[in-house]
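Novice: Pasting in a structure now, in structure tokens, and then I'll have a few things to ask.
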Amino acid sequence: MALTSHPLLSALRRNPTGAVLIALQIGITLAILVNAAAIVTRAIQKMSRPSGVDTRDTFVMTMVGLSKNFNVYSTSSADLAYLRHLPGVAAASIVFGTPLTDNGSDTSVGRSPGSRGPTVTSALLPVDQQGLRTLDVALIAGRNFRGSEIRVPSAAHPDPRIGEVIVTQALAHALFAHQSALGQTIYVGSHTPSTIIGITRNFMGPQLGQHAYDTVLAPEIVTQYDMYDLLVRTRPGQRAAVFRAAKRHIGTADPNAVIGQAVTFAHAKRLLYSGLRDLAIFLSFLTLVMLALCCLGIFGLGTFNVATRTRQIGIRRALGARRRDIVALFLAENALVVAIGAIFGCLLALAIGQWLTDHDGVARLDPWYLLVGVAILALTSQLAAWQPARRAARIPPSVATRTI
Amino acid sequence: MIGYYLRLALRSFRRAPGLTALMVSAIAIGIAACIVTLTVYHGMANNPIWWKNGELYAVTVNPSTPNRTREAGLPAYGPGQLAYDDATYLFGSSIPKRKALLTFLFGSISGAPDQTRPLPTMTRATTAGFFRMFAVPFRYGGPWSKAADRGPEPVMVLSGRENHKLFGGADSVGRTLLWSGHRFRVVGVLAPWHPLPRFYDLSAGNGGAFARPAGAFIPFQWGPVLGDWPAGDLSCDTHGSSTTPTTYQELLGSSCTWIGLWVELPTPAAQRHFLAFMQAYAANQRAAGRFQAVNTHLWTVSQWLTLHHVVSHRSGLLVNLAFALLAVCLINTLGILLAKFLRGAPVAGVRRALGASRRQIFAQHLVEAGAVSLAGAVLGLALSAAGLAGVRLMYRGSSAAYGKFAHFDAIGLAWAVALAFVSTIVAGLYPAWRIGRRAPATYLKSQ
Amino acid sequence: MLEMHNISKVYRTDMIETHALREFSLQVAAGEFVAVSGPSGSGKTTFLNVAGLLETFDGGTYRLDGQDVSGLSDNARARIRNEKIGFVFQSFNLIADLDIFDNVDVPLRYRRMKADERKARITNSLELVGLTSRMRHLPSQLSGGQQQRAAIARAIAGDPALILADEPTGNLDSLMARQIMGLLEKINSMGTTVVLVTHDPELARRAQRNIHVIDGLVADTVAPSDPAARGPHGQTHAESAVD
Ligand SMILES: Nc1ncnc2c1ncn2[C@@H]1O[C@H](COP(=O)(O)OP(=O)(O)O)[C@@H](O)[C@H]1O
Ligand SMILES: [Mg+2]
Chain A
25 MALTSHPLLS ALRRNPTGAV LIALQIGITL AILVNAAAIV TRAIQKMSRP SGVDTRDTFV
85 MTMVGLSKNF NVYSTSSADL AYLRHLPGVA AASIVFGTPL TDNGSDTSVG RSPGSRGPTV
145 TSALLPVDQQ GLRTLDVALI AGRNFRGSEI RVPSAAHPDP RIGEVIVTQA LAHALFAHQS
205 ALGQTIYVGS HTPSTIIGIT RNFMGPQLGQ HAYDTVLAPE IVTQYDMYDL LVRTRPGQRA
265 AVFRAAKRHI GTADPNAVIG QAVTFAHAKR LLYSGLRDLA IFLSFLTLVM LALCCLGIFG
325 LGTFNVATRT RQIGIRRALG ARRRDIVALF LAENALVVAI GAIFGCLLAL AIGQWLTDHD
385 GVARLDPWYL LVGVAILALT SQLAAWQPAR RAARIPPSVA TRTI
Chain H
1407 MIGYYLRLAL RSFRRAPGLT ALMVSAIAIG IAACIVTLTV YHGMANNPIW WKNGELYAVT
1467 VNPSTPNRTR EAGLPAYGPG QLAYDDATYL FGSSIPKRKA LLTFLFGSIS GAPDQTRPLP
1527 TMTRATTAGF FRMFAVPFRY GGPWSKAADR GPEPVMVLSG RENHKLFGGA DSVGRTLLWS
1587 GHRFRVVGVL APWHPLPRFY DLSAGNGGAF ARPAGAFIPF QWGPVLGDWP AGDLSCDTHG
1647 SSTTPTTYQE LLGSSCTWIG LWVELPTPAA QRHFLAFMQA YAANQRAAGR FQAVNTHLWT
1707 VSQWLTLHHV VSHRSGLLVN LAFALLAVCL INTLGILLAK FLRGAPVAGV RRALGASRRQ
1767 IFAQHLVEAG AVSLAGAVLG LALSAAGLAG VRLMYRGSSA AYGKFAHFDA IGLAWAVALA
1827 FVSTIVAGLY PAWRIGRRAP ATYLKSQ
Chain V
10 MLEMHNISKV YRTDMIETHA LREFSLQVAA GEFVAVSGPS GSGKTTFLNV AGLLETFDGG
70 TYRLDGQDVS GLSDNARARI RNEKIGFVFQ SFNLIADLDI FDNVDVPLRY RRMKADERKA
130 RITNSLELVG LTSRMRHLPS QLSGGQQQRA AIARAIAGDP ALILADEPTG NLDSLMARQI
190 MGLLEKINSM GTTVVLVTHD PELARRAQRN IHVIDGLVAD TVAPSDPAAR GPHGQTHAES
250 AVD
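Residue numbers (this note's numbering), protein chains in the order written: chain A, 25 to 428; chain H, 1407 to 1853; chain V, 10 to 252.
In structure tokens, the structure reads:
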């Protein structure tokens, strides 16, 4: 081993530019790898947030009226009667808004009237009595709406008052922290005082972003906008069949109405994270390509170096170096370069991380990523250097005596 | 001499085919990554009506927040759309050369021959100025008159797609159709028109920046006349005090925003004039107690696109990453070329002894580096075409932006050429210089 | 042809300075055949490198073909090497991946000659050294003697006025060596000046003048032993060779 330390430095000194270039490459790759890994990990964490609803078997059909003869209440009642009789349907409900999408209304909810006091921007999801059952969201406190509590305001008889509401656990927590929210009065849409009669498990309502879990459920059938949403949950595995049947029947049942849009929760969820997923995919892909190229570069240059130094290695072997001394020499050379690159890469990674924090609001880079990144790069680059090193070790001592 | 150098380069490649392949593919991958990300990025950052950038303005009125600069460096411009009262008042001004109100209605079209079922159609309710202002091309007929706006007259313009669905593409001008049960006369049919991004309507609730234009167009006032609720973005959060309107009359009187307003102001004088007009209106409204602030803005198309983050941070991130990848590829190539050239130094020494000047040795090696870069660029173009096709495949049938812009264009080609040039300079210049600088005798002796 | 006066050349490395040439003075007339000998490390190669403008020198004056060559640009030096000088090395220094034809072609390429003229010159010089049948062979496919003949063909292809040969026979057996020597004499007889560094006293004796170098200095000059062996002055040929 004493053999390896001195020639190592002299070899690097002979072509310092080459070594610097490899170190530079390793540094950039490390910096990108570390930051990309951090971004992708966070994206995966975000994507794996639970939706809280049955995404496999649920869909929403938006019905749109075409003329003045259209009556939301009667048409939707007929639709629901049809749906609830289908054998594959577990539950169906009329709502106004589509969970897991941006289609819906949001409103500000506070503990005091008007815009006094803190408010939470929350989604407002009007449902009928079957709403909770169709969403398949369990109550963790309180009760469901009673049939008598479901209001049906119309243009002729507007009724802006919301008496009872059910809120999600997240919203209850946002409003009342650790106090019990059940039975408390809240103000939905600034003016109407409402009583919380139930609290549900968290699920993603018809609002995206950071407030996705904040939803107020109101006992109301919305009739004044010439449109409504049918929320349908099927028995396991029946979604496709029910979806087809419903589309065929409901699409033609009332000549005054058409299906404006029909989305499954599965599709909505895919769409919800499509941006993040794409970012994660592209980022991972480009980073892996970069890592692969970096290793190929090390491999290529290593192979080339072995070819160039054949005679020198042969002389070394003739003078008594064992095969593994030669392998060790090459790997140690590579390790030294990687170490220099890793130091540079860590600094660059921190700088890029800082830039991302400043410009894109990405959370600060966790030093653990650096550690793991260095380990990965050290390992892969040693692997890349290994094959040329082995080839070098196979050079017979006899080349020393031959002229080339 | 170039021909001779090229022959020498070819020989040199043949001597180390693996290494050459590595260099060429490294450059190709780097260039392809840049072209793919840049093509998508450019598509998003595209201003489809750039030639009118200084003339077209989106109008915003923020009734509650004073004109303060937020953290992002953008003013608190408030909602991107206007309330009915504000929109119609500002629209009444005669200062703009052209102007348009915009909203979305959901309608169904029936009454075409052979039509069995009503055709659900997203319908743009707008005013006559829309078509000329946004340079909308017509296949048949033309826009309706300003008089038709006031009536409103039952006139309709169909998109090419809808006209194809309803009339098989035939000239349908003069035909009568039922729009949600009301009779409308077709006055015009559009030629294919799909500006990307859809700069005049970027709001997410209307489908976002990359949605298709509407299938039909009718005069704006039909919404109020029929009491047809807007089907697009409707935001009632502006004051934090109003309740959601429940009747159409309430909607018209409310401060909910749901109408886009665009004006064409060709001269700086007209711009100043209209801005003053807006400010006076906002000041009046504040005096009357309806507004809490005077904060009105005109936005050029490109400002409007920036304001709505049409170019996402994410795609910017990917472009940066692609360039970092290219940098790694070039450093890679630089290292290999350097090693290769230095190994060939004895031969260069012989050439120098035989009368090659430093400059000729430099040129010979630069040609070799250039050939590598050029091959890399050509392969990179092929790779990026494949990459773009891959992106298109990934987004087939989706409304996401990436798929729409993943088309090879002249910009991509220009980038490839530029990047090949840069590659030669970055990866080839230094090694060629190093080898050219070598004293000729150094390597002759050592043999 | 070649006039050196008090040339000095110092190699500097981090640790030591080597005075490879000191007050080195030598005149070689046009058409002369001069043999240079001396112990290893005495500065023979350095002298040839300086004479062939492969290296610069530190002091003294050097006129080549009547032209003062100190302070010339790299371009000008390359041009002189290309047009007036032909090199023959001990280790042949043929370019391994070019065949013989293309090797001989190299100096002509740098002279930007027309293709047909290049071709004529290449065939001529290969004919002179007797390698016409081997012109599409790679150097590795030839014997040492053939390789050196190819190198000589390359050196004379551009019709130089001066041939500088550094131990051209050092890697060859004596039969081959004599063959090469004969070739150089033939070239000299056509008017080209030849400076030959050699260890072989037998070969040195065949030159018109022997120079002995010791420690970077010209120790003594031995007059030609046999005036009759002097070749004719091929002035016309030498002149036409220059440009
Ligand atoms: N590039 C160089 N750097 C340092 N010293 C050199 C160099 N080239 C030659 N020398 C030294 O110069 C002296 C003359 O060398 P050289 O001309 O090659 O001798 P010869 O050809 O007569 O054997 C020697 O002592 C040698 O070590
Ligand atoms: Mg020597």
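Just so you know, even glycine gets a beta-carbon here, dropped at the ideal spot from N, CA and C.
What's the gap between the Cα of I337/A and the Cα of L343/A?
Specialist: One C-alpha to the other measures close to 10 Å.
Novice: Could you run through the stretch 1817 to 1839 of chain H and flag, in chain order, every residue whose CB is less than 7 Å away from some CB of chain A?
Specialist: So nothing in the stretch comes that close.
Novice: Which two residues bound the contiguous alpha helix (DSSP H) that contains W1821/H?
Specialist: Counting along the chain, the alpha helix (DSSP H) containing W1821/H begins and ends at A1816 to S1829.
Novice: With a threshold of 8 Å on Cβ separation, who are the neighbours of V77/A within its own chain once the five nearest residues in sequence on each side are excluded?
Specialist: Correct list, in chain order: P123, L124, L159, D160, V161, F227, M228 and F289.
Novice: Please classify Y211/A: is it buried, with 16 or more other beta-carbons within 10 angstroms of its beta-carbon, or exposed?
Specialist: So Y211/A ends up on the buried side.
Novice: I'd like the span of the alpha helix (DSSP H) that includes P210/V, first residue to last.
Specialist: Element bounds for P210/V: P210 to R214.
Novice: Which residues are close to ligand 1, meaning CB closer than 5 Å to any heavy atom, in chain order?
Specialist: Those residues are Y20/V, T27/V, A29/V, S49/V, G50/V, S51/V, G52/V, K53/V, T54/V and T55/V, given in chain order.
Novice: What's the gap between the Cα of Y119/V and the Cα of V1756/H?
Specialist: Cα to Cα, Y119/V sits roughly 12 Å from V1756/H.
Novice: Report the three-state DSSP secondary structure of T1532/H (helix, strand or coil).
Specialist: T1532/H falls in the strand class under three-state DSSP.
Novice: Taking C-beta pairs closer than 9 Å, name the residues in chain A that S1790/H reaches, listed in chain order.
Specialist: The contacting residues do not exist; S1790/H stays about 13 Å from chain A at best.
Novice: Who does V19/V pair with in a DSSP beta bridge?
Specialist: Per DSSP, H28/V.
Novice: Hey, is V206/V close to ligand 2, as in C-beta under 8 Å from one of its heavy atoms?
Specialist: Correct: V206/V has its Cβ closer than 8 Å to ligand 2.
Novice: Can you give me the Cβ contacts of V386/A inside the same chain, cut-off strictly under 8 Å, excluding the 5 residues immediately before and after it?
Specialist: Here the set comprises A62, I63, R66, G377 and L380.
Novice: When you compare each of I1515/H, E1461/H, S1829/H and G1575/H to A1777/H by their alpha carbons, which one comes out closest?
Specialist: Minimum Cα distance to A1777/H is reached at S1829/H.
Novice: What residues of chain H sit near S91/A, judged by a beta carbon separation below 8 Å?
Specialist: Those are S1586 and G1587, listed as they occur along chain H.
Novice: Alpha carbon to alpha carbon, what distance is there between R1678/H and G1460/H?
Specialist: Distance between the alpha carbons of G1460/H and R1678/H: 13 Å.
Novice: Once the 5 residues before and after S1514/H are set aside, which same chain residues still bring their CB inside 8 Å of it?
Specialist: Excluding residues within five positions, the ones whose Cβ falls inside 8 Å are P1524, L1525, P1526, T1527, W1585 and S1586.
Novice: What residue does the beta strand (DSSP E) around P217/A start on, and which one ends it?
Specialist: Where P217/A is concerned, the enclosing beta strand (DSSP E) stretches over T216 to T224.
Novice: Does at least one heavy atom of ligand 2 sit under 8 Å from the Cβ of E311/V?
Specialist: The structure shown does not extend to residue 311/V, since chain V spans only 10 to 252, so no value can be given for it.
Novice: Within the continuous beta strand (DSSP E) that includes N219/V, where are the two ends?
Specialist: Where N219/V is concerned, the enclosing beta strand (DSSP E) stretches over R218 to I223.
Novice: For chain A, find out if any of its Cβ atoms is closer than 9 Å to the Cβ of L1480/H; answer yes or no.
Specialist: Only weak support is given to the placement of L1480/H: the predicted model assigns it a pLDDT of 47, under 50, and the value that follows is read from those uncertain coordinates. Not an interface residue.
Novice: If distances are taken between C-alpha atoms only, which option among A174/V, M199/V, T70/V and I104/V comes closest to R1421/H?
Specialist: R1421/H has its Cα closest to that of I104/V, out of A174/V, M199/V, T70/V and I104/V.
Novice: With 9 Å as the threshold, decide whether the Cβ of E1477/H is near any Cβ in chain V.
Specialist: Since pLDDT at E1477/H reaches only 36, below the 50 mark, its modelled position is unreliable, and no value is offered.
Novice: Using a Cβ-Cβ cut-off of less than 8 Å, list which residues of the stretch 62 to 77 of chain V approach chain H; keep chain order.
Specialist: Against chain H - using a Cβ distance shorter than 8 Å - the residues of the stretch 62 to 77 of chain V are L63 and E64.
Novice: When the cut-off is 9 Å and only beta carbons count, does R1764/H lie next to chain V?
Specialist: Yes, because at least one Cβ of chain V sits closer than 9 Å to the Cβ of R1764/H.
Novice: Three-state secondary structure (DSSP) at T1475/H?
Specialist: With a pLDDT of 41 at T1475/H, under the threshold of 50, the modelled position of that residue is not reliable, and no figure is offered here.
Novice: With burial defined as no fewer than 16 other Cβ atoms inside 10 Å of the residue's Cβ, what is the status of L403/A: buried or exposed?
Specialist: That one is exposed.
Novice: In three-state terms, what does DSSP make of K53/V?
Specialist: Correct three-state label for K53/V: helix.
Novice: Note down, in chain order, each residue of its chain lying with its Cβ closer than 6 Å to the Cβ of V1561/H, except the 5 sequence neighbours on either side.
Specialist: If we look at V1561/H and ignore the five residues flanking it on each side, its Cβ neighbours are W1550, A1554, R1591 and V1593.
Novice: Please list, in chain order, the residues of the stretch 38 to 49 of chain A that have any C-beta partner in chain H closer than 8 Å.
Specialist: Under the 8 Å Cβ criterion, the stretch 38 to 49 of chain A contributes N39, T41, G42, L45, I46, L48 and Q49.
Novice: Pull up the distance between the alpha-carbon of G1580/H and that of V1563/H, whole angstroms please.
Specialist: Rounded to the nearest angstrom, the two C-alpha atoms are 11 Å apart.
Novice: Here's the rule: buried if 16 or more other CB atoms are within 10 angstroms of the residue's CB, otherwise exposed. What is I25/V?
Specialist: Label assigned to I25/V: exposed.
Novice: For chain H, is any of its Cβ atoms less than 9 Å away from the one on N329/A?
Specialist: Answer yes: the Cβ-Cβ gap between N329/A and chain H drops below 9 Å somewhere.
Novice: Around the C-beta of Q1770/H, are 16 or more other C-beta atoms found within 10 angstroms, so that it is buried, or is it exposed?
Specialist: With 16 or more other Cβ atoms within 10 Å, it is buried.
Novice: Residues of chain H with CB closer than 8 Å to the CB of N91/V, please, in chain order.
Specialist: Within chain H, the residues near N91/V are L1760, G1761 and A1762.
Novice: Beta carbon of E136/V: closer than 8 Å to some heavy atom of ligand 2?
Specialist: E136/V Cβ: outside cutoff for every heavy atom of ligand 2.
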